[in-house]
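Colleague:
2 protein chains.
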Amino acid sequence: MSDTRRAVIAGPSGASELFQLLRDGNPHTRAELAELAGLARSTVGLRVDELLELGLIAPVGEAASSGGRPPSQFALNPGARIVLAVDCGASHQSVVLSDLSSTILASDLQLRPIADGPERVLQHVVETARALLASIGRNERDLVAAGIGLPGPVEHATGRAVRPPIMPGWDGFDVPGWMMDHLGIPALVDNDVNIMAIGERTIAFPEVDDLLFVKVATGIGSGIISGGSLQRGAQGTAGDLGHVRVARGDGVVCDCGNTGCLEAMASGPAIARQLRQQGIPAETAAEVLALVAEGNQAAIDAVHQAGRDIGEVLTTCVSLINPSVIVIGGSMAGAGEHLIAGIHDVVYARSMPIATSSLSIVLSSAGSTAGVIGASVLASEHALSPQGVDALLAG
Amino acid sequence: MSDTRRAVIAGPSGASELFQLLRDGNPHTRAELAELAGLARSTVGLRVDELLELGLIAPVGEAASSGGRPPSQFALNPGARIVLAVDCGASHQSVVLSDLSSTILASDLQLRPIADGPERVLQHVVETARALLASIGRNERDLVAAGIGLPGPVEHATGRAVRPPIMPGWDGFDVPGWMMDHLGIPALVDNDVNIMAIGERTIAFPEVDDLLFVKVATGIGSGIISGGSLQRGAQGTAGDLGHVRVARGDGVVCDCGNTGCLEAMASGPAIARQLRQQGIPAETAAEVLALVAEGNQAAIDAVHQAGRDIGEVLTTCVSLINPSVIVIGGSMAGAGEHLIAGIHDVVYARSMPIATSSLSIVLSSAGSTAGVIGASVLASEHALSPQGVDALLAG
Numbered sequence: 096m097s098d099t100r101r102a103v104i105a106g107p108s109g110a111s112e113l114f115q116l117l118r119d120g121n122p123h124t125r126a127e128l129a130e131l132a133g134l135a136r137s138t139v140g141l142r143v144d145e146l147l148e149l150g151l152i153a154p155v156g157e158a159a160s161s162g163g164r165p166p167s168q169f170a171l172n173p174g175a176r177i178v179l180a181v182d183c184g185a186s187h188q189s190v191v192l193s194d195l196s197s198t199i200l201a202s203d204l205q206l207r208p209i210a211d212g213p214e215r216v217l218q219h220v221v222e223t224a225r226a227l228l229a230s231i232g233r234n235e236r237d238l239v240a241a242g243i244g245l246p247g248p249v250e251h252a253t254g255r256a257v258r259p260p261i262m263p264g265w266d267g268f269d270v271p272g273w274m275m276d277h278l279g280i281p282a283l284v285d286n287d288v289n290i291m292a293i294g295e296r297t298i299a300f301p302e303v304d305d306l307l308f309v310k311v312a313t314g315i316g317s318g319i320i321s322g323g324s325l326q327r328g329a330q331g332t333a334g335d336l337g338h339v340r341v342a343r344g345d346g347v348v349c350d351c352g353n354t355g356c357l358e359a360m361a362s363g364p365a366i367a368r369q370l371r372q373q374g375i376p377a378e379t380a381a382e383v384l385a386l387v388a389e390g391n392q393a394a395i396d397a398v399h400q401a402g403r404d405i406g407e408v409l410t411t412c413v414s415l416i417n418p419s420v421i422v423i424g425g426s427m428a429g430a431g432e433h434l435i436a437g438i439h440d441v442v443y444a445r446s447m448p449i450a451t452s453s454l455s456i457v458l459s460s461a462g463s464t465a466g467v468i469g470a471s472v473l474a475s476e477h478a479l480s481p482q483g484v485d486a487l488l489a490g
Numbered sequence: 096m097s098d099t100r101r102a103v104i105a106g107p108s109g110a111s112e113l114f115q116l117l118r119d120g121n122p123h124t125r126a127e128l129a130e131l132a133g134l135a136r137s138t139v140g141l142r143v144d145e146l147l148e149l150g151l152i153a154p155v156g157e158a159a160s161s162g163g164r165p166p167s168q169f170a171l172n173p174g175a176r177i178v179l180a181v182d183c184g185a186s187h188q189s190v191v192l193s194d195l196s197s198t199i200l201a202s203d204l205q206l207r208p209i210a211d212g213p214e215r216v217l218q219h220v221v222e223t224a225r226a227l228l229a230s231i232g233r234n235e236r237d238l239v240a241a242g243i244g245l246p247g248p249v250e251h252a253t254g255r256a257v258r259p260p261i262m263p264g265w266d267g268f269d270v271p272g273w274m275m276d277h278l279g280i281p282a283l284v285d286n287d288v289n290i291m292a293i294g295e296r297t298i299a300f301p302e303v304d305d306l307l308f309v310k311v312a313t314g315i316g317s318g319i320i321s322g323g324s325l326q327r328g329a330q331g332t333a334g335d336l337g338h339v340r341v342a343r344g345d346g347v348v349c350d351c352g353n354t355g356c357l358e359a360m361a362s363g364p365a366i367a368r369q370l371r372q373q374g375i376p377a378e379t380a381a382e383v384l385a386l387v388a389e390g391n392q393a394a395i396d397a398v399h400q401a402g403r404d405i406g407e408v409l410t411t412c413v414s415l416i417n418p419s420v421i422v423i424g425g426s427m428a429g430a431g432e433h434l435i436a437g438i439h440d441v442v443y444a445r446s447m448p449i450a451t452s453s454l455s456i457v458l459s460s461a462g463s464t465a466g467v468i469g470a471s472v473l474a475s476e477h478a479l480s481p482q483g484v485d486a487l488l489a490g
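Set out below in structure tokens:
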């Protein structure tokens, strides 16, 4: 065996590097792969065999041959493995199995407070994952990674929540360690709005590199994709616009202790409170949405003004981040054009023309699946990375 | 010759890929490179010879040998090529030659308005570059790339200014095309505050991945480094915080036509105007700084209040971007602790504790060299990239 050939075989990630060329989803022949990789066909042949054996790639049709054995084409085989995707809200867990291209294979939604603590919530996730695997006739060996969204600040590198305000028991809890102990798979953990931003981009804006996803619900937060990458910031709190002060908010006290926070003015509960002050009974975002749907003018006006408050903060986001798309999601997005109109009014009046020249502000099209799709993308990206494929090759 | 060996030689960027391993600046032996690259020593030998011939790497000492020919060590040779770095302000051009590790070899600073237009300004840059090359005994063949900062929004991908307010004649001008025609080198063009952010990080915070550089001078702007990358946004206007509205600014009209912009409240000329309204003669940032240095209490108070206004906007930046370092630069940074104190007061009082738990707010240490160092880094990064090294190998 030549030195070169031995080095190729012994290379720490030769097959996983070749696999990166196949991740585009298009079929390739061995000859194309050899040219793309700058490697000899014999080398490519060995690596393709490894990936075929793992099932990560599969033959696709037959390319035209110039005689002799027809050169097969290969492509990513997204069904070869399964990822677990979890979106934990304040009071629900959405648990999904998907293939490696984020197509949902099975799903489950349950009401359960995140305040139950990590052990009980994650135990439920693991049990649900096993039941879902059984329901589609697959087993735990097919499961390669998990993506998990949590409703609070998360240090993505370690997968731990950091001083989350509504998650008692979770502060510093080692979610990836627990998942490795109980399911034997790596877990990628992120803030719930961050995974919604990734999911929305995957579903509706795959070509957009600068996207801001704003969740308006019980709280208000955002996920920032800039230059094609999710931006998490130094402590994982990037996008936390709920506690930015708005002009109208002087004197209104927020749960955080400060005054005038956007969340205290424009969240679902804040709008409900403003309606109660006018003698209109409303407690929750759902009740506000019901009033808007009935055509209640006070509710419509309150939602429009909330849009203007959100627009005030988004104007600053437009200056700072210069996105080309702002997506409004979360339960209050159910107020539709009434909310968007208020946002539009302020953002276009206040921003520099260059920054709004090609800016779209739209309602979420991914809706309630944005979170689990984003979590699935996080998990699949890891599974298909050189590191993830190396782990499959090794084990 | 084996298939593998032929493929390696014919590979489009074999040597430039190997070179990426040598960019870390550390010495490596052929054997180490073979292991790192997962390639045969014979292959590595051919590629090392190509890079030695170009001068991009050079032998460094001798590693301990296990007998026979001693295996040489190689490392990046930063002096092998030169880059041109230019920082254009509203009224000056700073032109510098540096080596590939951004060490400045020669420099020139001239007062010349950017409003002279691109042809005259760039002609001056080219003539200065030639004179500086002659002064250090190098020639144009050694020059491999240019980095250029401009005082307005720039579409980095095309190197063109986009509707810049203070740069008549520059809108849409093809700076890289002009530089290629006149000096035969690629040019990387960016906004002046963006290159200052890159320069400040290179000099003072090489380990920091989330840094906000704020320039406070005639205008106010910022450069955002998030997740280790400069963020430019969809139209190249990311970081444009000069026209964010501040609470104190109600009714104050900005040059942009809106009211209450940060720039209309806290820039050098804005502070001077506030002092004139108190009967204190001041026109420019320099005059304000002189008053502060003399201990003029009205000037000190005005600078402190400007710091509070800047702090109001930076509080939102902290929520949105979650940087670990905010650097204050530009001429008004000369007011030092008076400015920083105002910023501190507001940012720490208003931000969520998690976002400020490990946040530093400091004065620029790169000072007036931040821009040219950043421009040099942009140019060197390009020259040392696979694409840049391929160009050198091809021609």
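Protein chains in written order, with our numbering: chain A, 96 to 490; chain B, 96 to 490.
For every residue, glycine included, the Cβ atom is placed at its ideal position computed from N, Cα and C.
(1) Please give me, in chain order, every unbroken run of the alpha helix (DSSP H) with length at least 4 that falls completely inside the region 333-373 of chain B.
(2) When the Cα atoms are used, what is the spatial distance from Cys356 of chain B to Val341 of chain B?
(3) Using a threshold of 8 Å, state whether the C-beta atoms of Ile320 of chain B and Ala292 of chain B are closer than that.
(4) Quick one: using the 10 Å Cβ neighbour count with 16 as the cut-off for buried, is Ala110 of chain B buried or exposed?
(5) Three Cβ pairs or more, each shorter than 8 Å: is that satisfied between the region 192-199 of chain A and the region 250-261 of chain A?
(6) What residues in the region 291-310 of chain A bring their beta carbon closer than 7 Å to a beta carbon of chain B?
(7) Quick one, which residues of the region 310-343 of chain B are near chain A if we go by CB-CB under 9 Å, in chain order?
(8) For Arg215 of chain B, count the other beta carbons within 10 Å of its own beta carbon; 16 or more makes it buried, fewer makes it exposed. Which is it?
(9) Does the beta carbon of Asn417 of chain A sit closer than 8 Å to a beta carbon anywhere in chain B?
(10) Looking at chain B, is there any beta carbon in it that lies within less than 8 Å of the beta carbon of Thr411 of chain A?
(11) Quick one: which residues of the region 438-457 of chain A get their C-beta closer than 9 Å to a C-beta of chain B? List them in chain order.
(12) With DSSP run on the structure shown, which of helix, strand or coil describes Gln330 of chain A?
(13) Which residues, taken in chain order from the region 247-259 of chain B, show a beta carbon closer than 8 Å to some beta carbon of chain A?
(14) Based on the DSSP output, what are the partners of Gly316 of chain B in its beta bridges?
(15) Is it buried or exposed, Arg101 of chain A, if we count other Cβ atoms within 10 angstroms and call 16 or more buried?
(16) Tell me which residue opens and which closes the beta strand (DSSP E) that Gly424 of chain B is part of.
(17) Taking the Cβ atom as the reference point for each residue, do Ala295 of chain A and Gly424 of chain A lie within a distance shorter than 8 Å?
(18) For my contact list, Ala153 of chain A and Phe169 of chain A are in at a C-beta cut-off of 8 Å; report their separation, rounded to the angstrom.
(19) Give a yes or no on whether the minimum CB-CB distance between Cys349 of chain A and chain E is below 8 Å.
(20) Should Ala365 of chain B go down as buried or exposed, given a rule of 16 or more other Cβ atoms within 10 Å for buried?
(21) Kindly list the residues whose CB is nearer than 6 Å to the CB of Ala361 of chain B, restricted to its own chain and excluding five residues on each side of it in sequence; keep chain order.
(22) Roughly how many angstroms lie between the CA atoms of Val103 of chain A and Leu473 of chain B, to the nearest whole one?
(23) Pull up the distance between the alpha-carbon of Val422 of chain A and that of Val309 of chain A, whole angstroms please.
(24) Would you mind sorting Thr99 of chain A into buried or exposed? The rule is 16 or more other CB atoms within 10 Å of its CB.
(25) How big is the Cα-Cα spacing for Leu458 of chain A and Pro213 of chain B?
(26) Hey, does Asn391 of chain B have any beta-carbon neighbour from chain A nearer than 8 Å?
(27) Mapping the DSSP letters down to three states, classify Asn172 of chain A as helix, strand or coil.
(28) Quick one: what does DSSP say Ile395 of chain A is sitting in, helix, strand or coil?
(29) Taking the continuous alpha helix (DSSP H) assigned at Asp440 of chain B, which residues delimit it?
(30) Can you have a look at Asn286 of chain B and say buried or exposed, based on whether 16 or more other CB atoms are within 10 angstroms of its CB?
(31) Tell me the rounded alpha-carbon separation between Thr451 of chain B and Gly431 of chain A.
(32) Considering only the alpha carbon of each residue, which of A:Gly133, A:Gly242, A:Pro173 lies closest to Leu147 of chain A?
(33) Quick check on Ser459 of chain A - is its C-beta less than 8 Å from some C-beta in chain B?
(34) Residues of chain B with a CB under 8 Å from the CB of Ser111 of chain A: which are they?
(35) Does the Cβ-Cβ distance between Val383 of chain B and His433 of chain B come in under 8 Å?
(36) Please list the terminal residues of the continuous alpha helix (DSSP H) segment that includes His187 of chain A.
Modeller: By the coordinates alone:
(1) 357-361, 363-372
(2) 6 Å
(3) yes
(4) buried
(5) no
(6) Asp305
(7) Ser317, Ile319, Ser321, Gly322, Ser324, Leu325, Gln326, Arg327, Gly328, Ala329, Gln330, Gly331, Thr332, Ala333, Gly334, Asp335, Leu336, Gly337, His338, Val339, Arg340, Ala342
(8) exposed
(9) yes
(10) yes
(11) Ala444, Arg445, Ser446, Met447, Pro448, Ile449, Ala450, Ser452, Ser453, Leu454
(12) coil
(13) Pro248, Val257, Arg258
(14) B:Lys310
(15) Residue confidence is low: Arg101 of chain A scores 31 on pLDDT, short of 50, so the model does not pin down where it sits. Its coordinate-derived value is still stated next. With fewer than 16 other Cβ atoms within 10 Å, it is exposed.
(16) 420-424
(17) A quick correction: the sequence has Glu, not Ala, at residue 295 of chain A. A contact, by the Cβ cut-off of 8 Å.
(18) 7 Å
(19) In the displayed structure, chain E is absent; the protein chains listed are A and B.
(20) buried
(21) Ala401, Asp404, Ile405
(22) Low confidence applies to Val103 of chain A: its pLDDT is 35, below 50, so where it sits in the model is not reliable enough to give any reading.
(23) 6 Å
(24) Interpretation of Thr99 of chain A is limited by its pLDDT of 34, a score under 50 that renders its predicted location unreliable; the figure taken from the coordinates is listed afterwards. Per the 10 Å Cβ criterion, buried.
(25) 42 Å
(26) no
(27) coil
(28) helix
(29) 432-445
(30) buried
(31) 35 Å
(32) A:Pro173
(33) no
(34) The contacting residues do not exist; Ser111 of chain A stays about 11 Å from chain B at best.
(35) no
(36) Where His187 of chain A is concerned, there is no enclosing alpha helix (DSSP H), although the beta strand (DSSP E) it sits in stretches over 187-193.
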